[in-house]
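**Student:**
Chains as they are written, first to last, in my numbering: chain A, 862 to 1261; chain B, 862 to 1261.
(1) Excluding sequence positions up to five away, which residues of its chain have a Cβ less than 7 Å from the Cβ of residue 874/A?
(2) Would you mind working out which of 1061/A, 979/A, 1136/A sits nearest residue 1112/A, comparing C-alpha positions?
(3) How many Å lie between residue 1220/A and residue 1175/A at the Cα?
(4) Alpha carbon to alpha carbon, how far is residue 1058/B from residue 1228/A? Give it in angstroms, no decimals.
(5) At the level of alpha carbons, what is the spacing between residue 877/B and residue 1246/B?
(6) Name the two residues that bound the continuous alpha helix (DSSP H) containing residue 955/A.
(7) Under 7 Å Cβ to Cβ from residue 918/B, same chain only, skipping five residues before and after it: list those, please.
(8) Starting from the beta carbon of residue 1248/B, find every residue of chain A whose beta carbon is closer than 7 Å, and list them in chain order.
(9) Using a Cβ-Cβ cut-off of less than 9 Å, list which residues of the region 936-956 of chain A approach chain B; keep chain order.
(10) When you compare each of 1190/B, 1031/B, 984/B, 987/B to residue 1004/B by their alpha carbons, which one comes out closest?
(11) According to DSSP, is residue 1196/B helix, strand or coil?
(12) With a Cβ-Cβ cutoff of 7 Å, do residue 1016/B and residue 1029/B count as a contact?
(13) What does the alpha-carbon distance come out to for the pair residue 886/B and residue 1049/A?
(14) With a threshold of 7 Å between beta-carbons, can residue 975/B be considered close to chain A, or not?
(15) Cβ closer than 7 Å: which chain A residues qualify as neighbours of residue 1226/B?
(16) Measuring only the C-alpha atoms, how far is residue 1256/A from residue 870/B?
(17) Name the chain A residues whose beta carbon is nearer than 8 Å to that of residue 1210/B?
(18) Under 7 Å between C-beta atoms, does residue 1039/A make it to chain B?
(19) For residue 1223/B, name the three-state secondary structure that DSSP assigns.
(20) Excluding the 5 residues flanking residue 976/A on each side, which residues of the same chain have their C-beta closer than 6 Å to its C-beta?
(21) Specify, as a first and last residue, the run of the beta strand (DSSP E) that residue 925/B falls within.
(22) With distances taken Cα to Cα, identify the nearest neighbour of residue 1188/B among 1152/B, 1213/B, 973/B.
(23) Going along the region 897-908 of chain B in order, which residues come within less than 9 Å of chain A, judged by CB to CB distance?
(24) How should residue 1130/B be labelled, buried or exposed, when 16 other C-beta atoms within 10 angstroms of its C-beta is the threshold for buried?
(25) Give the DSSP bridge partners of residue 1203/A, in chain order.
(26) Determine the burial state of residue 854/A: buried for a count of at least 16 other Cβ atoms within 10 Å of its Cβ, exposed for fewer.
(27) Alpha carbon to alpha carbon, how far is residue 1242/B from residue 1123/B?
(28) By how many angstroms is the C-alpha of residue 1135/A removed from the C-alpha of residue 1141/B?
(29) Strictly by DSSP, which residues pair up with residue 1088/B?
(30) Can the beta-carbon of residue 926/A be found less than 7 Å from the beta-carbon of residue 890/A?
(31) Quick check on this structure: which residue in 963/A, 966/A, 911/A, 924/A has the alpha carbon closest to the alpha carbon of residue 947/A?
(32) By the 10 Å Cβ neighbour count, where 16 or more other Cβ atoms means buried, how is residue 1069/B classified, buried or exposed?
(33) Look up residue 1160/B in the DSSP assignment and say whether it is helix, strand or coil.
(34) On the DSSP bridge list, what partners appear for residue 1246/B?
(35) Per DSSP, which residues does residue 1233/A bridge with? Please list them.
(36) Are at least three pairs of beta-carbons, each pair with one atom in the region 1231-1241 of chain A and one in the region 1144-1161 of chain A, less than 8 Å apart?
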């Protein structure tokens, strides 16, 4: 891992400016690659999709993108035909401000309140200002400009050696919940200077997202605006150094992308609305990987488990009930559960534990829950957070 | 509907006493039929099942039950082999106290904390006391004795005319959440003096539970101890008046059982942990009934929708996002949403509404949300409650 974010790889610039969509703070981010980049993106599976999701799905269909424009404050969702026009216009204005690249080379993302039309009279000048401000140091500004209820910007970068040459990956993300329909929601943008084709990039992104962004939860509500996108501009490669599959380089690239994605993803529940703790739920010994993932997400997503961790109550019965509710194959008698290094459950009963040691584990800011189903070899890890009264306050009093 | 509960039908007695399982208040309930009753029950689908669930599943396999013994305070779940012995012993002691009926004629239920062994030295004398206290007026005592975090007992009764004769149905229920694994959880016991075979009773119970207990949610967590049971002792019938299928009498009986079950079921989220409001979510215009049910439960179960209702925020965007997350067929442009009689959403956008009228609807104790998908003819109703900081406080500070 290295310092930096979205502009760490060669040939990427970014900016984040305030154009007045939000009452205060930066609200418009721009990411730009000096050359067209091979690109892949995954979008929300919610049947209600925001206008920028629909437009971006069209624009990325050829696997080539050169810029991403994203606003916070308004989600441009449930906005009808006007919303689609506005999202398309954001791409067009961005393309014009970048010297006339095709508008289909621009991805558009929005995050914020659902149901209001975008203030296009503010966004027009905003895009021009963002384009004028693009710089190699603008990564953190972009990370700030996509925040909604996030309390801090989220970025990460790392280097990996491919073909004997340094290749860099960088990314930013936002989201204070797996989804917050009103403040809709999870966005992740990743850049790299690796040389790789769009289909292989999509394959790598799918693999990483399955193990990172798809394994986090704050409140179980799925956004209408979720988007994870990666741009690979190839500027770290000489001729003949394109990543192919299968190859050692693809494996190294995949491992690097997994690591970056997990780092970004964990930053989201760690900053979850009202959260005081990050919960890492690792399930081992499942029959198949899909089961392991469902068990891990069921535990990380249970309101009752989350409330118990908020209250520092080592309530292993609620974890058993959450596992049983997941509906996958399990034998309650075979399950072993650890909090940190403390055995909490075995042989169908709660274990005798050291109350002082467990109390100190329950008070940590990051708590690891290990669950061994003792049935097979498959495993998965999910990340969540505790549930505090503050979560309810934030979501009860954030007015439409 | 008539006054009363579990002892309203002919030939049923009940009692509720304190034997010290809980720190205070009644904690042991007994329900008894003068004669063996045709019986049916549905149990939790959680893979982790409490010991009394496993024992009761065996005992009801022949469709004949004469008594139900239920304790609150401890769930007898995650208690290993000892838990199974204790649940079986509760049935045996109850059978002995009732003049030596077969122990297989006794259903056993427990609700309360998961993971602790039952205090059998208190339960033994408790069962004797409960048997000595059985009376035709004991229905409300039994309803009180199965409460955990419930703030009030839940009972209902009604009469229906079959074969020109008055037949009575009565019931009690408990649960302050769809499930609360620690205070596990939803119990419903229904009695009737109708004459009906066990298979037909099971058919009728399934139909009613699908439309009542399976359509409520407080927190989305499924119990390890859920049980809905019905006992029909036939004492309202003369010879030749057994309910058959198909028949006009079966339809009347089914309608009566549906009505009683829905009445009992609605009392649960209305008394949900920390709840200040009952939400009734009616979905119409779905392609198939299963879709309608999933949409209704998705809306009633969304943390973000629930927090918005707590905050009196008419946030129709969160309802759209919850519908989209349910994964069933829908066309966002076709959806119409009403709060009470106020149109809130149409043509893919939020509707212009009267803020004063909507504000007064949002402050009511019971709020109806009507969602028309405009795709087909199927419909379903779910009941939930709002999410308050109090819910988190209850579940964070209820210690294991």
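In this text, a Cβ means the ideal position worked out from N, Cα and C, and glycines have one as well.
**Tutor:** Short version:
(1) The count along the first chain starts at 1 and reaches residue 874/A at position 13. These residues qualify, in order along the chain: 868, 893, 995, 996, 997, 999.
(2) Taking the first residue of the first chain as 1, we reach residue 1112/A at position 251. Minimum Cα distance to residue 1112/A is reached at 1061/A.
(3) By 1-based counting over the first chain, the position of residue 1220/A is 359. By 1-based counting over the first chain, the position of residue 1175/A is 314. Between residue 1220/A and residue 1175/A, the C-alpha separation is close to 8 Å.
(4) If you number the first chain from 1, residue 1228/A lands on position 367. If you number the second chain from 1, residue 1058/B lands on position 197. So the two alpha carbons sit approximately 53 Å from each other.
(5) Here residue 877/B refers to the residue found at position 16 of the second chain. Here residue 1246/B refers to the residue found at position 385 of the second chain. When rounded, the distance between both Cα atoms is 29 Å.
(6) The sequence position of residue 955/A within the first chain is 94, counting from 1. That run of the alpha helix (DSSP H) goes 941-958.
(7) As a first step, residue 918/B must be located in the second chain, where it is residue number 57. Cβ within range, chain order: 904.
(8) As a first step, residue 1248/B is located in the second chain; it is residue number 387 there, counting from the start. Residues of chain A passing the Cβ test: 1253.
(9) 936, 938, 939, 940, 941, 942, 943, 944
(10) For the purposes of this step, residue 1004/B is taken as the residue at position 143 of the second chain. If we check each option's Cα against that of residue 1004/B, 1031/B comes out closest.
(11) On the second chain, residue 1196/B is found 335 positions in, with the first residue counted as 1. If DSSP states are grouped into helix, strand and coil, residue 1196/B belongs with coil.
(12) If you number the second chain from 1, residue 1016/B lands on position 155. If you number the second chain from 1, residue 1029/B lands on position 168. The answer is no: Cβ separation not under 7 Å.
(13) As a first step, residue 886/B must be located in the second chain, where it is residue number 25. As a first step, residue 1049/A must be located in the first chain, where it is residue number 188. Near 53 Å, if we compare the C-alpha coordinates of residue 1049/A and residue 886/B.
(14) Position 114 of the second chain, counting from 1, holds the residue named residue 975/B. Cβ-Cβ to chain A under 7 Å: yes for residue 975/B.
(15) Against the second chain, residue 1226/B aligns to sequence position 365. The premise fails here: residue 1226/B is roughly 17 Å from chain A at the closest Cβ pair, so nothing lies under 7 Å.
(16) On the first chain, position 395 is the one that residue 1256/A refers to. On the second chain, position 9 is the one that residue 870/B refers to. The alpha-carbon atoms of residue 1256/A and residue 870/B are separated by roughly 46 Å.
(17) For the purposes of this step, residue 1210/B is identified with residue 349 of the second chain, where counting begins at 1. Neighbours of residue 1210/B on chain A, chain order: 939, 940, 941, 976.
(18) Within the first chain, numbered from 1, the residue matching residue 1039/A stands at position 178. In this prediction, residue 1039/A scores a pLDDT of 43, lower than 50, which makes its location untrustworthy; the coordinate-derived value is nonetheless stated afterwards. So, not an interface residue.
(19) Taking the second chain and counting its residues from 1, one reaches residue 1223/B at position 362. Of the three classes helix, strand and coil, the one that applies to residue 1223/B here is helix, per DSSP.
(20) Position 115 of the first chain, counted from the first residue, corresponds to residue 976/A. Excluding sequence neighbours, residue 976/A sits near 939.
(21) Counting from 1 along the second chain, the entry for residue 925/B is found at position 64. That run of the beta strand (DSSP E) goes 925-935.
(22) Locating residue 1188/B in the second chain gives position 327, where the first residue counts as 1. For residue 1188/B, the nearest C-alpha among the options comes from 1152/B.
(23) 905, 906, 907, 908
(24) Translated into the one-based positions of the second chain, residue 1130/B becomes position 269. So residue 1130/B counts as buried.
(25) Taking the first chain and counting its residues from 1, the one referred to as residue 1203/A is at position 342. According to DSSP, which records beta bridges pairwise, residue 1203/A is partnered with 1200/A.
(26) Outside the modelled stretch of chain A, which goes from 862 to 1261, sits residue 854/A, for which no answer is possible.
(27) Position 381 of the second chain, counting from 1, holds the residue named residue 1242/B. Position 262 of the second chain, counting from 1, holds the residue named residue 1123/B. Spanning the two alpha carbons is a distance of roughly 10 Å.
(28) Against the second chain, residue 1141/B aligns to sequence position 280. Against the first chain, residue 1135/A aligns to sequence position 274. Rounded to whole angstroms, residue 1141/B to residue 1135/A spans 28 Å at the Cα level.
(29) The residue labelled residue 1088/B in the question sits at position 227 within the second chain. According to DSSP, which records beta bridges pairwise, residue 1088/B is partnered with 904/B, 1048/B.
(30) In the first chain, the residue the question calls residue 926/A occupies position 65. In the first chain, the residue the question calls residue 890/A occupies position 29. No, these two residues do not count as a Cβ contact at 7 Å.
(31) Counting from one through the first chain, the residue named residue 947/A turns up at place 86. Cα-wise, what sits closest to residue 947/A is 911/A.
(32) Numbered from its first residue, the second chain carries residue 1069/B at position 208. Classification of residue 1069/B: buried, given that the 10 Å Cβ count is 16 or more.
(33) Mapped onto the second chain, residue 1160/B falls at position 299. Helix, per DSSP.
(34) In the second chain, residue 1246/B corresponds to position 385, counting from 1. 1139/B, per the DSSP bridge assignment.
(35) What you label residue 1233/A is simply residue 372 of the first chain in a count that begins at 1. For residue 1233/A, which the question treats as bridged, DSSP gives the partners 1145/A, 1197/A.
(36) yes
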